[in-house]
Amino acid sequence: MTIGLTLPHRLTREITIQASRETVFRFFMDPARWAAWWGAGSTIDPRPGGRVVIRFPNALEAWGEVLDLDPPGQIRFTYGYASGTPIPAGGSRVTIRLQVAGAGTRLHLTHELADAAALDENLQGWRFQLSLFANVVSNEVCAGAGAAVDAWFGASAEPDPAARDAALARIAAPGVRFHDRFSTIEGRDDLSAHMAAAQRFMPGVRLSRMGEPRHCQGVVLAEWVAQGADGVERARGTSVFVFGATGYIESVTGFWHQHP
Numbered sequence: 165m166t167i168g169l170t171l172p173h174r175l176t177r178e179i180t181i182q183a184s185r186e187t188v189f190r191f192f193m194d195p196a197r198w199a200a201w202w203g204a205g206s207t208i209d210p211r212p213g214g215r216v217v218i219r220f221p222n223a224l225e226a227w228g229e230v231l232d233l234d235p236p237g238q239i240r241f242t243y244g245y246a247s248g249t250p251i252p253a254g255g256s257r258v259t260i261r262l263q264v265a266g267a268g269t270r271l272h273l274t275h276e277l278a279d280a281a282a283l284d285e286n287l288q289g290w291r292f293q294l295s296l297f298a299n300v301v302s303n304e305v306c307a308g309a310g311a312a313v314d315a316w317f318g319a320s321a322e323p324d325p326a327a328r329d330a331a332l333a334r335i336a337a338p339g340v341r342f343h344d345r346f347s348t349i350e351g352r353d354d355l356s357a358h359m360a361a362a363q364r365f366m367p368g369v370r371l372s373r374m375g376e377p378r379h380c381q382g383v384v385l386a387e388w389v390a391q392g393a394d395g396v397e398r399a400r401g402t403s404v405f406v407f408g409a410t411g412y413i414e415s416v417t418g419f420w421h422q423h424p
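For the sequence shown, the positions run 165 to 424 when this note's numbering is used.
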């Protein structure tokens, strides 16, 4: 415990995560999600007095205790190393506060320490760990990114207006933006009309994904091929999909590597 311990030195970090506070806070309440952030063997007992265990890939182990938690807004826990150095067990205090930031979450971290010499090392450590954390949360929010990309390409070839509108409503935000060499589009209604026009000017041409999409913190890179109704390849390209905090597509930018 840090009760009665003087902790005059502190470091702070802030990051924005494209997920709701409730989604972000799950990673402090669920031992499996905690381990997904910190590493295999890490665990948390999410209650005041509950044990915190962090096992780093280099076999270094940190221990702590949950001091208090206020879902989905804040958690505080002690932090120190099993070896006793450079921070003894219970020798520092971490506070993580979550603030609503639009549809996403602004994470505020404060780490209070007794020794000023530990500030720089721990600052870099938190810079790295919070980056990992943002990726892990985003991976969960965007777990269906591949299916959403496929549905986007499917909607672009859907001839029925009602079916196309319904397909886009399932995967894209109302104000979705679409840009490529031939398009500057804003909003689902305009996008649906644009897709219909593309079908008239390029009859029978259909885009489909090639390979697995690459994802990083809500941004998905998808390679695609355009084929005619005869199966002959007409073009290839890459599209950048940006997903919002709710998992809907907010923008798409397409790059044509070969032009029809």
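We put the CB at the ideal spot given by N, CA and C, even for glycine. From a predicted model like this one, the values you see are computed outputs, not experimental measurements.
Quiz item: What is the C-beta distance between Tyr412 and Ala337, in whole angstroms, given that I count them as a contact (C-beta under 8 Å)?
Solution: Counting from one through the sequence shown, the residue named residue 412 turns up at place 248. Counting from one through the sequence shown, the residue named residue 337 turns up at place 173. Here Tyr412 really is in contact with Ala337; their C-beta atoms are around 4 Å apart, less than 8 Å.
Quiz item: Just the Cα atoms here: how many angstroms apart are Ala362 and Ser184?
Solution: Taking the first residue of the sequence shown as 1, we reach residue 362 at position 198. Taking the first residue of the sequence shown as 1, we reach residue 184 at position 20. Rounded to the nearest angstrom, the two C-alpha atoms are 36 Å apart.
Quiz prompt | Continuous alpha helix (DSSP H) stretch holding Val305: start and end | solution = One-based indexing of the sequence shown puts residue 305 at position 141. Where Val305 is concerned, the enclosing alpha helix (DSSP H) stretches over 282-305.
Self-check item: Arg370 versus Val404, Phe317, Asp329, Phe419, residue with shortest Cα-Cα distance
Solution: Along the sequence shown, one-based indexing puts residue 370 at 206. Considering only alpha carbons, the answer is Phe317.
Self-check item: Runs of alpha helix (DSSP H) lying entirely within the stretch 213-280, each at least 4 residues, in chain order
Solution: With a minimum length of 4 residues, there is no unbroken run of alpha helix (DSSP H) contained wholly in the stretch 213-280.
Exercise. Would you check if the distance between the CB atom of Val305 and the CB atom of Ala409 is smaller than 8 Å?
Key: Sequence index remark: in the sequence shown, residue 305 carries index 141 (1-based). Sequence index remark: in the sequence shown, residue 409 carries index 245 (1-based). Contact check for Val305 against Ala409 passes: the beta carbons are separated by less than 8 Å.
Quiz item: When the Cα of Trp227 is compared with those of Ala253, Trp202, Gly214, which residue comes out closest?
Solution: Here residue 227 is taken as the residue at index 63 of the sequence shown, counted from 1. Measuring from the Cα of Trp227, the nearest candidate turns out to be Ala253.
Quiz item: Since Gln391 sits in a beta bridge, which residues does DSSP pair it with?
Solution: Sequence index remark: in the sequence shown, residue 391 carries index 227 (1-based). Under the DSSP definition of a beta bridge, Gln391 partners with Arg370, Glu397.
Exercise. Using 10 angstroms around the beta-carbon of Glu350, count the other beta-carbons present and answer buried if the total reaches 16, otherwise exposed.
Key: In the sequence shown, the residue the question calls residue 350 occupies position 186. By the neighbour-count rule (16 or more Cβ atoms within 10 Å), Glu350 is not buried but exposed.
Quiz item: What are the partner residues of Glu350, as DSSP defines its beta bridges?
Solution: As a working mapping, residue 350 is identified with position 186 in the sequence shown. For Glu350, which the question treats as bridged, DSSP gives the partners Arg341.
Self-check item: For Ala309, the three-state DSSP class (helix, strand or coil)
Solution: Your numbering for residue 309 matches position 145 in the sequence shown. Judged by DSSP in its simplified three-state form, Ala309 adopts helix.
Exercise. Compute the distance between the beta-carbons of Glu229 and Gly214, then report whether it is under 8 Å.
Key: Numbered from its first residue, the sequence shown carries residue 229 at position 65. Numbered from its first residue, the sequence shown carries residue 214 at position 50. With contacts defined as CB atoms closer than 8 Å, Glu229 and Gly214 qualify as a contacting pair.
Practice problem: State yes or no: is the C-beta of Val404 within less than 8 Å of the C-beta of Thr417? | Solution: Here the question's residue 404 lines up with position 240 in the sequence shown. Here the question's residue 417 lines up with position 253 in the sequence shown. Contact flag set, yes.
Exercise. Using only alpha-carbon positions, find the residue among Gly266, Ala298, Pro250 that is nearest to Asp284.
Key: As a position in the sequence shown, residue 284 is number 120, starting the count at 1. The closest CA to that of Asp284, considering only Gly266, Ala298, Pro250, is found on Pro250.
Quiz item: Are there 16 or more other CB atoms within 10 angstroms of the CB of Pro377, so buried, or fewer, so exposed?
Solution: Start at 1 with the first residue of the sequence shown, and residue 377 comes out as number 213. Counting Cβ neighbours within 10 Å, Pro377 comes out buried, since at least 16 surround it.
Quiz item: Between the C-alpha atoms of Thr166 and Thr242, what's the straight-line distance to the nearest angstrom?
Solution: Position 2 of the sequence shown, counting from 1, holds the residue named residue 166. Position 78 of the sequence shown, counting from 1, holds the residue named residue 242. Confidence in Thr166 is poor, its pLDDT being 49 and thus under 50, which makes the residue's placement unreliable; the coordinate value appears in the next sentence. The straight-line gap from Cα to Cα measures roughly 7 Å.
Quiz item: Span of the alpha helix (DSSP H) holding Glu322?
Solution: Reading the sequence shown from its first residue, position 158 is the one you call residue 322. Looking at the DSSP string, Glu322 is not in any alpha helix (DSSP H), and its letter there is neither H nor E.
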